[in-house]
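Enquirer: Once you've had a glance at the structure underneath, I'll fire off some questions.
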Amino acid sequence: MPTTWEPMLAKPAATLPAVGGLLGGTVYEPKWDGYRAILERTGAGCRVWSRKGADLAAGFPEIVQAALERLEPGTVIDGELVVWRDGRLDFGALAPRLAYRGRRRSPADLPPASFLAFDVLVAGDVDLRTKPLRDRRAVLEQLAGSWQPPMQLTPQTADPAEAQRWLTEYDAADVGVEGLVAKGAGQRYLPGQRGWVKFRIRNTREATVGAVIGRVDQPVRLILGLRDAAGTLRVAGATHPLTPRESVELASVLVGTDDHPWPAELGTRQLGRFSREPVAITRVIPTVIVEVEADTAFEHGRWRHLTRYRRLRLDRSS
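Using our numbering, you'd call the opening residue of the sequence shown number 58 and step up by one each time.
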């Protein structure tokens, strides 16, 4: 991907910025659970750039076709590739489109994808990235006036009360929306910089401690388990690093064991991807229940992102 199309990013925050908290006033948008992508419509066709610079066009032919039909050459749009299934965003349905050659399934055999646009970088061969967001949004809304699925415009509001209602409704409906992104209406588009703010919906869940990273008497992270329908304890994710106080608290109740169904090393996909290499774990007797804070990115019995330890549940047993 040309460096000129490097996407602007968002930094995480524990609270939503106030109305006047960002340059030019704060606006709020849903945070979709999908693949970030930039559509580049050229005279020769359309490219679908990933955040890391890979061209995803072959995996999303319906998006390419829609872009060819609805975008003029010389247009660059920022947004998110998603799959809706049974009224919910299905992040796992995106991966089969990009599997290794020979294992990739035809997109025609998969649930249809959508592109949810939230910014425009170039229109009519004019670079808009130095313009404030409010001006870029006006151009984007004009472009999107004739769109139909699979290309859609991401909703936006400047009303914090409406943004809070969105959070409540998304959480209650469990539609897979991860939270909100807050942006300054007066901000330029800053490639590669974390100028936006993301706020994730987070809920508390209970899980069994099946292992730790580090020693049992000095745990650094918890490896969490959830029981399936047959009662088997499955790896469900990992926590952020524990504080010293939390480590001492947990060390007092955890007991190491080699008599355990889990292997001595686990892959990154099982652990919220905090490491690229397999991780050695210290297995413990799986009787301790903890309460953790987790976001909505949960599929196939695992949290995709790291959770945060909150407290012991000594009144519960696994």
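Cβ coordinates follow ideal geometry from the N, Cα and C atoms, glycine included.
Look at the alpha carbon of S309 and the alpha carbon of A264, and state the distance between them as a whole number of angstroms.
Expert: For S309 and A264, the distance between alpha carbons rounds to 18 Å.
Enquirer: Okay, do the region 351 to 366 and the region 137 to 153 touch, 3+ Cβ pairs below 8 Å being the bar?
Expert: yes
Enquirer: I need the boundaries of the alpha helix (DSSP H) containing W223, first residue and last residue.
Expert: 217 to 230 is the span of the alpha helix (DSSP H), which, as asked, contains W223.
Enquirer: Determine the DSSP secondary structure at F117, reduced to helix, strand or coil.
Expert: coil
Enquirer: Which of the three DSSP states is assigned to S203 in this structure?
Expert: helix
Enquirer: For the region 266 to 273 and the region 238 to 253, state whether three or more C-beta atom pairs, one from each stretch, are separated by less than 8 Å.
Expert: no
Enquirer: Given this structure, state the Cα-to-Cα distance separating P335 from R104, to the nearest angstrom.
Expert: 34 Å
Enquirer: Going by beta carbon distance, what residues of the same chain come within less than 6 Å of A111, once the five residues before and after it are set aside?
Expert: none
Enquirer: Would you check if the distance between the CB atom of P64 and the CB atom of R98 is smaller than 8 Å?
Expert: In this structure, R98 does not lie closer than 8 Å to P64 by Cβ.
Enquirer: Note down, one range per segment and in chain order, each beta strand (DSSP E) of at least 3 residues found wholly within the region 78 to 110.
Expert: 83 to 88, 92 to 99, 102 to 107
Enquirer: In whole angstroms, what separates the C-alpha of R365 from that of R262?
Expert: In a straight line, the C-alpha of R365 is about 10 Å away from that of R262.
Enquirer: Which one of L125, L128, L167 has the shortest CA to CA distance from V139?
Expert: L167
Enquirer: In the DSSP assignment, what are the bridge partners of M208?
Expert: F172
Enquirer: Check whether the Cβ atoms of A174 and T214 sit closer than 8 Å, and answer yes or no.
Expert: no
Enquirer: Does the distance from the C-beta atom of R272 to that of P298 stay below 8 Å?
Expert: no
Enquirer: Do you know how far the Cα of P207 is from the Cα of D90?
Expert: 16 Å
Enquirer: What number of angstroms, rounded off, separates the C-alpha of D228 from the C-alpha of T353?
Expert: C-alpha separation (whole angstroms): 8 Å.
Enquirer: Could you pull out every residue in the same chain whose Cβ sits closer than 7 Å to the Cβ of G144, ignoring the five residues on either side in sequence?
Expert: V232
Enquirer: Thinking C-alpha only, which one of V133, H362, I258, Q205 is nearest L281?
Expert: H362
Enquirer: If you drop the 5 nearest sequence neighbours on each side, which residues of the same chain put their C-beta closer than 7 Å to that of W106?
Expert: M58, W62, A94, I95, E97, D112
Enquirer: For V305, does the three-state DSSP call read helix, strand or coil?
Expert: helix
Enquirer: I'd like to know whether the C-beta atoms of G81 and G181 end up nearer to each other than 8 Å.
Expert: With respect to G181, G81 sits apart: the two C-beta atoms are not nearer than 8 Å.
Enquirer: CB-CB under 6 Å to L307, same chain, minus the five flanking residues each way: which ones, in chain order?
Expert: So the list reads P276, once near-sequence residues are dropped.
Enquirer: Taking the alpha-carbon positions, what's the P69 to V347 distance?
Expert: Roughly 24 Å separates the two Cα atoms.
Enquirer: At which residues does the beta strand (DSSP E) containing K255 begin and terminate?
Expert: 251 to 257
Enquirer: Would you call the CB atoms of D176 and Y246 closer than 8 Å?
Expert: yes
Enquirer: Can you pull the DSSP bridge partners for D352?
Expert: R259
Enquirer: Taking 7 Å as the limit between beta carbons, can you name the residues of its chain near T314, skipping five residues before and five after?
Expert: R340, V341, I342
Enquirer: Along the beta strand (DSSP E) that carries G282, what are the first and last residues, could you check?
Expert: 275 to 284
Enquirer: Within this structure, are the beta carbons of V234 and P74 separated by less than 8 Å?
Expert: no
Enquirer: Count the other C-beta atoms from every protein chain shown that fall within 10 angstroms of the C-beta of G116, then say buried if there are 16 or more, exposed otherwise.
Expert: buried
Enquirer: Since P69 is in the beta strand (DSSP E), which residue starts that stretch and which ends it?
Expert: 66 to 69
Enquirer: At which residues does the beta strand (DSSP E) containing R365 begin and terminate?
Expert: 365 to 369
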